[in-house]
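Quick note on numbering: the sequence shown equals residues 62 to 388 in this note's numbering. Yeah, the Cβ is synthetic: ideal placement off N, Cα and C, and Gly gets one too. The model shown is predicted, which means the values in this text are computed figures rather than measured ones.
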Amino acid sequence: MIGTVGLLAFLSAQVDMVRVGRLFRELRPSTAFAGLALYALLQTVRAGRYRLLAPDASARLLLSVHCVHALLLRVMPFRTGELGFAWLMRRHGPGGFGRHLVGVLLLRVLDLATILGVLMLGLVLWAATRTADDPTSWPLAVAIACVALAAPLYLRSLVRWGHRLASLVLALTRLDRLARVRRAQRGLSDAVDWSDSLRPRTLWAVSGLTVTQWVLNFVLFGVMLHAMHVPATVGQTILGGAGSVLGGLVPLASIGNFGPLEAGWSAGFTAAGLPAETAIASAFGFSVLSFGYALATALVGWLALPRHVATKRLLNDDGTARNPDAR
């Protein structure tokens, strides 16, 4: 709460709020609605990406859960919205909580790798428009992007090492002596084993859809900027949009990612060359528009969720059958 209020108050002090109000009054409605359609398409691509990891889940379930999940990420602190995804999948679909949590972790690693690659591309495009360009930075940016986009080659190893590190921490703190912690460890171990069983071809396909998803995401940023009458080049849109994404990923003690999201957008577009007041005003506009998109699609997604959840009570966290006579 303090983080949200503090960051928003700081940003508000740096911009004339009359200008922010004028931005909303002059908003292009048709472009804003086009952004909503593009946002819905983005959730569809995200659902299709996860279905490569969970082919036994229906398209309706995955699309509904992803729509609700997008709103949870906006309102829940410390990135705990990710837990909401695993809980919704366990409650309404096949598979256990641990498996879906590891599935989200795999996707987040690919997301971060893709964002890093896109950020390097944005730096190259932005530098190409400046007279003081240093050509020696181009090969480095391309090399970093290639290493990042090759994440499927080392993705499963990262998950295994992360699991070993978590197990070591639990052992050192003696938390693994607790029965509930041991059960959670078994579920996560099964989930990590499941991730090891994923074929490289599947991971590369997921990586391809991840790139497609983020291309759509940055197109959405451009559409929203156009709706707000904010002129920005492709390089500026990539750099500024990457700032908002990275800001939203910071697990600060705030309400959802309100505050860090706007601060990241403002910092990104200011660094990319937009006037600071324009960047901050558009950050507020972006926040309101994107939250409206998330709210609208989450409502539809919640209503479309399958309601046959009674049988899920007979499954363990790893998705195996539970003995109904056990106490």
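Exercise. How do the segment 291-304 and the segment 253-269 stand: do at least 3 beta-carbon pairs fall below 8 Å, yes or no?
Worked result: No, the segment 291-304 does not touch the segment 253-269.
For this session: Report the residue ranges of all alpha helix (DSSP H) runs contained in full by the segment 216-304; include only those spanning at least 4 residues, in chain order.
Result: DSSP runs (the alpha helix (DSSP H)) wholly in the segment 216-304: 216-233, 240-257 and 261-288.
Exercise. Can we say the segment 271-280 touches the segment 238-255, given the rule of at least three CB pairs closer than 8 Å?
Worked result: Note that the segment 271-280 does not touch the segment 238-255; fewer than 3 beta-carbon pairs, one per stretch, sit closer than 8 Å.
For this session: May I ask you to report which of helix, strand or coil DSSP gives Met-150?
Result: Reading the sequence shown from its first residue, position 89 is the one you call residue 150. In the structure shown, Met-150 falls within a helical segment according to DSSP collapsed to helix, strand and coil.
Exercise. Quick one, which of Thr-331, Thr-339 and Leu-322 has its alpha-carbon nearest Pro-138's?
Worked result: In the sequence shown, residue 138 corresponds to position 77, counting from 1. Ranking the options by Cα distance to Pro-138, first place goes to Leu-322.
Exercise. What three-state label does DSSP hand Leu-84 in the structure shown?
Worked result: Working through the sequence shown from its first residue, we reach residue 84 at position 23. DSSP places Leu-84 in helix when its eight states are reduced to three.
Problem set entry | Rounded distance between the beta-carbons of Thr-358 and Tyr-100, thought under 8 Å | Reading the sequence shown from its first residue, position 39 is the one you call residue 100. Reading the sequence shown from its first residue, position 297 is the one you call residue 358. Right, the Cβ-Cβ distance comes to about 7 Å (below 8 Å), so this counts as a contact.
Problem set entry | From Val-295, Gly-346, Pro-155 and His-153, residue whose alpha carbon lies closest to that of Ala-288 | Sequence index remark: in the sequence shown, residue 288 carries index 227 (1-based). When each option's Cα is compared against that of Ala-288, the closest is Gly-346.
Problem set entry | Whether Val-220 touches Ser-256 by CB criterion (7 Å) | Here residue 220 refers to the residue found at position 159 of the sequence shown. Here residue 256 refers to the residue found at position 195 of the sequence shown. Contact flag set, yes.
For this session: Could you round the C-beta distance between Ala-93 and Leu-350 to whole angstroms and report it? I think they count as a contact, below 8 Å.
Result: Here residue 93 refers to the residue found at position 32 when the sequence shown is read from its first residue. Here residue 350 refers to the residue found at position 289 when the sequence shown is read from its first residue. Their Cβ separation, rounded to whole angstroms, is 6 Å, which keeps Ala-93 and Leu-350 in contact under 8 Å.
For this session: With Gly-362 as the anchor, note down where its alpha helix (DSSP H) starts and where it stops.
Result: In the sequence shown, the residue the question calls residue 362 occupies position 301. For Gly-362, the enclosing alpha helix (DSSP H) stretches over residues 337-365.
Exercise. Hey, Arg-169 and Phe-158 are a contact pair by Cβ (cut 8 Å); roughly how many whole angstroms apart?
Worked result: Residue numbering aside, residue 169 sits at position 108 when the sequence shown is read from its first letter. Residue numbering aside, residue 158 sits at position 97 when the sequence shown is read from its first letter. Between Phe-158 and Arg-169 the Cβ distance is about 16 Å, and since that is not below 8 Å, they are no contact.
For this session: Mind reading off the beta-carbon distance from Arg-112 to Ala-120? Whole number of angstroms is fine, and I expect it under 8 Å.
Result: Taking the first residue of the sequence shown as 1, we reach residue 112 at position 51. Taking the first residue of the sequence shown as 1, we reach residue 120 at position 59. About 7 Å; that satisfies the 8 Å criterion.
For this session: Check each candidate in Gly-96, Cys-128 and Asp-117 and name the one with the smallest Cα separation from Ala-365.
Result: For the purposes of this step, residue 365 is taken as residue 304 along the sequence shown, with counting starting at 1. Per the Cα distances, Cys-128.
Problem set entry | the segment 233-250 contacting the segment 200-210, beta-carbon criterion three pairs below 8 Å | Remark: fewer than three beta-carbon pairs, one from each stretch, lie closer than 8 Å, so the segment 233-250 and the segment 200-210 are not flagged as touching.
Exercise. Is Asp-117 helix, strand or coil by DSSP?
Worked result: Position 56 of the sequence shown, counting from 1, holds the residue named residue 117. Under the three-state reduction of DSSP output, Asp-117 falls in the coil class, being neither helix nor strand.
Problem set entry | Cβ-Cβ distance between Ala-206 and Gly-178 below 7 Å | Sequence index remark: in the sequence shown, residue 206 carries index 145 (1-based). Sequence index remark: in the sequence shown, residue 178 carries index 117 (1-based). Contact check for Ala-206 against Gly-178 passes: the beta carbons are separated by less than 7 Å.
Exercise. Any idea if Leu-123 is buried or exposed, counting beta-carbon neighbours within 10 angstroms, 16 or more meaning buried?
Worked result: Within the sequence shown, residue 123 is the residue found at index 62, counting from 1. With at least 16 other beta carbons inside 10 angstroms of its own, Leu-123 counts as buried.
Problem set entry | Three-way DSSP call (helix, strand, coil) for Arg-368 in this model | Residue mapping note: residue 368 aligns to position 307 of the sequence shown, counting from 1. DSSP places Arg-368 outside both helix and strand once states are collapsed to three, so it counts as coil.
For this session: Below 7 Å CB to CB, which residues in the same chain sit around Ser-327 once its five sequence neighbours on both sides are set aside?
Result: On the sequence shown, residue 327 is found 266 positions in, with the first residue counted as 1. The residues are Leu-72, Ala-340, Ile-341 and Ala-344.
For this session: With a threshold of 16 other CB atoms inside 10 Å of the CB of Asp-172, please say whether the residue is buried or exposed.
Result: Stepping through the sequence shown from its first residue, residue 172 is reached at position 111. That one is buried.
Exercise. In angstroms, rounded to a whole number, what distance separates the CA positions of Leu-156 and Ala-303?
Worked result: Here the question's residue 156 lines up with position 95 in the sequence shown. Here the question's residue 303 lines up with position 242 in the sequence shown. Leu is not the amino acid found at residue 156; the sequence shown has Gly there. Cα-Cα distance, rounded: 33 Å.
Exercise. If you draw a straight line from the alpha carbon of Ala-324 to that of Trp-363, how long is it in whole angstroms?
Worked result: In the sequence shown, the residue the question calls residue 324 occupies position 263. In the sequence shown, the residue the question calls residue 363 occupies position 302. Each residue's alpha carbon lies about 30 Å from the other.
Problem set entry | Close-in-space but distant-in-sequence residues of the same chain around Met-78 (CB under 7 Å, 5 per side omitted) | Along the sequence shown, read from residue 1 onward, the residue named residue 78 stands at position 17. When the five nearest sequence neighbours on each side are left out, no beta carbon in the same chain lies closer than 7 Å to the beta carbon of Met-78.
Problem set entry | Cutoff 6 Å; reference Ala-396; Cβ partners in own chain excluding five residues on either side | The structure shown does not extend to residue 396, since the chain is modelled only from 62 to 388, so the question has no answer here.
Problem set entry | Best match in Leu-360, Leu-286 and Ala-333 for proximity to Arg-89 [C-alpha to C-alpha] | If you number the sequence shown from 1, residue 89 lands on position 28. Here the closest residue by C-alpha is Leu-286.
Exercise. Leaving out the 5 sequence neighbours to the left and right, which residues in its chain are closer than 6 Å to Arg-160 when beta-carbon positions are compared?
Worked result: Taking the first residue of the sequence shown as position 1, residue 160 is located at position 99. Within the same chain, and ignoring the five residues on either side of Arg-160 in sequence, the residues whose Cβ sits closer than 6 Å to its Cβ are Ala-252 and Trp-255.
Exercise. What separation, rounded to the nearest whole angstrom, lies between the Cα atoms of Gly-96 and Gly-223?
Worked result: The residue you call residue 96 lines up with position 35 of the sequence shown. The residue you call residue 223 lines up with position 162 of the sequence shown. Distance between the alpha carbons of Gly-96 and Gly-223: 37 Å.
Problem set entry | Met-78 (DSSP reduced to helix, strand or coil) | For the purposes of this step, residue 78 is taken as residue 17 along the sequence shown, with counting starting at 1. Residue state, collapsed to three classes: helix.
For this session: Tell me, to the nearest whole angstrom, how far the beta carbon of Ala-174 is from that of Leu-210; I am working on the premise that it is less than 8 Å.
Result: Position 113 of the sequence shown, counted from the first residue, corresponds to residue 174. Position 149 of the sequence shown, counted from the first residue, corresponds to residue 210. Indeed they touch by this definition, with Cβ atoms about 6 Å apart.
For this session: Count the other CB atoms, across all protein chains shown, that sit within 10 Å of the CB of Val-81; report buried if there are 16 or more and exposed otherwise.
Result: Sequence index remark: in the sequence shown, residue 81 carries index 20 (1-based). Result: buried.
For this session: Please name the residue, chosen from Gly-308, Gly-353, Pro-292 and Val-361, that lies closest to Pro-336 on a Cα-to-Cα basis.
Result: Working through the sequence shown from its first residue, we reach residue 336 at position 275. Ranking Gly-308, Gly-353, Pro-292 and Val-361 by Cα distance to Pro-336 puts Pro-292 first.
Problem set entry | C-beta contact flag for Leu-114 and Gly-164 at 7 Å | What you label residue 114 is simply residue 53 of the sequence shown in a count that begins at 1. What you label residue 164 is simply residue 103 of the sequence shown in a count that begins at 1. Yes.
Exercise. Who are the Cβ neighbours of Leu-231 in its own chain at under 6 Å, not counting the five residues just before and after it?
Worked result: In the sequence shown, counting from the first residue as 1, residue 231 sits at position 170. Excluding positions up to five away in sequence, the list reads Asp-237.
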